[in-house]
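Residues 24 to 426 (our numbering) are what the sequence shown spells out, left to right. No residue lacks a Cβ here, since even glycine has one placed at the ideal position from N, Cα and C. These numbers come from a predicted model, not from an experiment. Since the structure comes first, as structure tokens, the remarks are kept for the end.
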Amino acid sequence: MVEMGSLSKLAPYWFLLFTIGFGWFVLAPLVPALTQALGVGTAPILLIVSTYGYTMVVLGLLAGWISAKFTVKSALYSAAIISVIGLFGRAISSNYISFLITGVIAAIAYPLAMAPVGSVSESISKERSHTIIGVSVGLLFLGMAFGAFVGPGLFSSIGLYGTLWITVILSILAAIWIAFGIRDYPVNYKGRSLKGVFKVGMIKNWYVGLSISAMSVMFGGIASTVLLLNHFEFATALAYGGLFGGLAFLGSALGAIILPSLFEQYKMFRTGLVITGVLMFVFVAVMAFSLSYTTMLLLMAIGFFFFGFFGNAYWSMAMTSTTNYVSDPAQAGFATSMFSVLTNLGVAFVPVFLGPAFSSMTTIGIGVFVVLLIEFVSMILAPTLMVRKAKAPAAKATTRRRR
Numbered sequence: 024m025v026e027m028g029s030l031s032k033l034a035p036y037w038f039l040l041f042t043i044g045f046g047w048f049v050l051a052p053l054v055p056a057l058t059q060a061l062g063v064g065t066a067p068i069l070l071i072v073s074t075y076g077y078t079m080v081v082l083g084l085l086a087g088w089i090s091a092k093f094t095v096k097s098a099l100y101s102a103a104i105i106s107v108i109g110l111f112g113r114a115i116s117s118n119y120i121s122f123l124i125t126g127v128i129a130a131i132a133y134p135l136a137m138a139p140v141g142s143v144s145e146s147i148s149k150e151r152s153h154t155i156i157g158v159s160v161g162l163l164f165l166g167m168a169f170g171a172f173v174g175p176g177l178f179s180s181i182g183l184y185g186t187l188w189i190t191v192i193l194s195i196l197a198a199i200w201i202a203f204g205i206r207d208y209p210v211n212y213k214g215r216s217l218k219g220v221f222k223v224g225m226i227k228n229w230y231v232g233l234s235i236s237a238m239s240v241m242f243g244g245i246a247s248t249v250l251l252l253n254h255f256e257f258a259t260a261l262a263y264g265g266l267f268g269g270l271a272f273l274g275s276a277l278g279a280i281i282l283p284s285l286f287e288q289y290k291m292f293r294t295g296l297v298i299t300g301v302l303m304f305v306f307v308a309v310m311a312f313s314l315s316y317t318t319m320l321l322l323m324a325i326g327f328f329f330f331g332f333f334g335n336a337y338w339s340m341a342m343t344s345t346t347n348y349v350s351d352p353a354q355a356g357f358a359t360s361m362f363s364v365l366t367n368l369g370v371a372f373v374p375v376f377l378g379p380a381f382s383s384m385t386t387i388g389i390g391v392f393v394v395l396l397i398e399f400v401s402m403i404l405a406p407t408l409m410v411r412k413a414k415a416p417a418a419k420a421t422t423r424r425r426r
């Protein structure tokens, strides 16, 4: 477990991630209300939801660079302030353009807070990096799940703009806690060189992260469409599609919080990677086959939840594994930033090209086969991921000065 001293430093950071996830996915169930309030179609609103992923692709490496050159505190202070500004602007917007602009501003907080998580874990406790990164990822997803689940209830109780103001209040609380809670974060690694951070072996980690993130997003988006193909009523398909997405997020949160910490406690790093990799593949198969070829809603729910549970635990451990290629917190933050950027590239492109295969019964078999192939490769990479720190190269002997 994380020591109490470290926990007091991490709590404000974790709360910030939770509020970012909540502010992000509380929009998902409010899409119909937002289309009416802003006078636009569904696609423009979905674009705002997607901007969080796009900002990670564009700004993830910048966030890692900021944490390395100016300490991770700079990135977190920026994330907290930008989150408040963006969410406040979103809550007072009366038209789509202003809502889009302020939504993009709010989304920038995501890469600034999440991408350099390696710097946070390495600077607080190198011995508990799996636990810290796992809980960090888990609380982001828990915020997303919480937003998706309570959004409709908040809308029914206090309306659209009341719901948006809740996100503002939470972001202000997070900013205040960040302002006073991370002052003791170490700064001794400030300004370190990032030369040589990239290692070829990281590509394996990137593939694992990309494959899991892409499938999580894709199946959440196609669930209702496939249910309609299997002759479910429209309202039922929409309701269960939303439920399955929420279960996947909830499973993702719990898996990332529980499993990496458990495997780290018993020093079972490689075993943990293999177990989560294998069970990720098992449950993506359950999810894909049950959704595509059956009407067994319980089996589908099990597939979505446990794919999220084991898949995100595997994703989190693969992310932590990238920090084993580098030697200090500054480089660790940049390593996890590269991982975040590449995995979000998968989210941006894979569902777009593979998702349409699940829109017709004539091509759905091809879609299932490609999904299983992608995740099988991800599974067999598990034993090859680095689980120990790479040895630092020996210092070069100093040369004599020429007269």
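- The C-beta separation of LEU251 from ALA260 comes to about 5 Å, placing the pair in contact by the 8 Å criterion.
- For PHE257, the closest of SER247, LEU266, GLY265 by C-alpha to C-alpha distance is SER247.
- In this structure, the straight-line span from the alpha carbon of ILE104 to that of GLY269 is close to 28 Å.
- Judged by pairs of C-beta atoms under 8 Å, the segment 276-294 touches the segment 156-163, as three or more such pairs exist.
- Counting only residues of its own chain and dropping the five nearest sequence neighbours on each side, VAL107 has a CB closer than 6 Å to the CB of SER194, ILE195, ALA198.
- As for any alpha helix (DSSP H) of minimum length 4 sitting wholly inside the segment 269-346, the runs are 292-316, 320-345, ordered along the chain.
- By the C-beta density criterion, MET319 is exposed, having fewer than 16 other C-beta atoms within 10 angstroms.
- Taking the Cα positions, GLY157 is about 14 Å away from THR345.
- By alpha-carbon distance to GLY112, the top candidate from ALA130, VAL240, LEU395, VAL95 is ALA130.
- Excluding five sequence positions before and after ILE205, the CB atoms of its chain that fall closer than 7 Å to its own CB belong to LYS32, PRO35, TYR36, LYS96, LEU99, given in chain order.
- Between GLY369 and GLY141, the C-beta spacing is not below 7 Å.
- In the structure shown, GLY76 falls within a helical segment according to DSSP collapsed to helix, strand and coil.
- Per the coordinates, the alpha-carbon of VAL309 lies some 12 Å from the alpha-carbon of VAL394.
- Annotated as proximal: VAL72 and LEU50, with beta-carbon spacing under 7 Å.
- Shortest Cα-Cα distance from ASN367 to any of VAL249, GLY265, GLY62, PRO134 involves PRO134.
- In this structure ILE245 is in contact with PHE381, their Cβ atoms being roughly 5 Å apart against a cut-off of 8 Å.
- Distances from the CA of GLN288 to each of PHE330, ARG151, VAL364 were compared; the closest alpha carbon is that of ARG151.
- Shown here for GLY331: same chain residues with a beta carbon closer than 6 Å to its own, the five before and five after excluded, namely ALA271, GLY274, SER275 in chain order.
- About 6 Å separates the Cβ atoms of LEU165 and PHE41, confirming a contact at the 8 Å cut-off.
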